[in-house]
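Residue numbers (the UniProt record's numbering): 1 to 200.
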């Protein structure tokens with residue numbers, strides 16, 4: 001199964017997935033593309049070091065979300081991408097990609113959804129003073145982190161924790177949970193060979 005990872009920042013989860021496809025943890029997956037919307041994102045350097053092609057775009061250069069998603073979709077189809085993983089991609093997915101990859105797109109989010117959707121979820125939770133945080137992987141729909149939940153993992157907040165220490169804990173759990181979900185998907189999902197955008 002050929003996958004594309006979408007990222008806007010550091011790309012640590014992107015690199016984690018790539019390494020897992022190469023060390024035997026995800027033997028039936030191949031990361032065939034990184035899609036990135038930020039020219040200065042460290043994810044691009046990771047991709048170049050790992051030998052993964054990059055599609056870099058700037059949203060402001062397009063007339064609409066549909067316009068840049070049509071170009072992304074063309075790249076995905078050209079590279080025969082079966083599945084999309086959003087890992088730190090900071091844009092809502094629009095109708096073009098939702099239609100093209102319905103049921104074949106997941107997102108990683110650093111909170112126990114439905115709590116703290118959207119940007120800066122860790123900071124939101126920290127400032128709220130929660131005692132339990134966590135990570136969610138869910139299917140993508142038209143809403144802001146509203147798609148069906150696949151799996152979650154809890155991160156407990158201890159008295160000595162700081163926002164920075166919690167961020168480190170969350171990121172460590174992200175790496176583990178995302179690989180676990182992808183292992184499950186790669187073992188149980190069959191891509192519809194007609195390419196009509198569904199897992200069967």
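Ideal Cβ placement from N, Cα and C applies to all residues, glycine included.
As the structure is a computational prediction, the values presented were derived from the model and not from experiment.
Assign residue i to one of three DSSP states: helix, strand, or coil.
i, result
"residue 107", "strand"
"residue 179", "helix"
"residue 81", "coil"
"residue 158", "coil"
"residue 55", "strand"
"residue 43", "helix"
"residue 19", "helix"
"residue 96", "helix"
"residue 102", "coil"
"residue 116", "coil"
"residue 200", "Unreliable positioning characterises residue 200 in this predicted model, as indicated by a pLDDT of 35, which lies under 50. The coordinate reading is nonetheless provided below. If DSSP states are grouped into helix, strand and coil, residue 200 belongs with coil."
"residue 2", "strand"
"residue 86", "strand"
Measuring CB to CB, does residue i end up less than 8 angstroms from residue j?
i, j, result
"residue 49", "residue 30", "no"
"residue 68", "residue 59", "yes"
"residue 34", "residue 20", "no"
"residue 171", "residue 145", "no"
"residue 136", "residue 113", "yes"
"residue 9", "residue 41", "yes"
"residue 177", "residue 153", "yes"
"residue 16", "residue 175", "yes"
"residue 157", "residue 131", "yes"
"residue 134", "residue 155", "yes"
"residue 90", "residue 65", "no"
"residue 79", "residue 32", "yes"
Among residues of its own chain, excluding the 5 on either side of residue i, which ones have a beta-carbon nearer than 6 angstroms to its beta-carbon?
i, result
"residue 140", "93, 105, 107, 147"
"residue 164", "none"
"residue 169", "155"
"residue 124", "116"
"residue 173", "135, 153, 155"
May I ask which residues mark the beginning and end of the beta strand (DSSP E) holding residue i?
i, result
"residue 32", "30-36"
"residue 147", "From DSSP, residue 147 is part of no beta strand (DSSP E); its letter is neither H nor E."
"residue 134", "132-139"
With residue i as the anchor, note down where its alpha helix (DSSP H) starts and where it stops.
i, result
"residue 123", "121-128"
Leaving out five residues before and five after residue i in sequence, what residues of the same chain have Cβ atoms less than 8 angstroms from its Cβ?
i, result
"residue 181", "106, 137, 150, 151"
Go through its chain and collect everything with a Cβ distance to residue i's Cβ below 7 angstroms, but skip five positions before and after it.
i, result
"residue 28", "1, 186"
"residue 46", "11, 14, 15"
Worksheet entry | the region 2-14 contacting the region 76-84, beta-carbon criterion three pairs below 8 angstroms | yes
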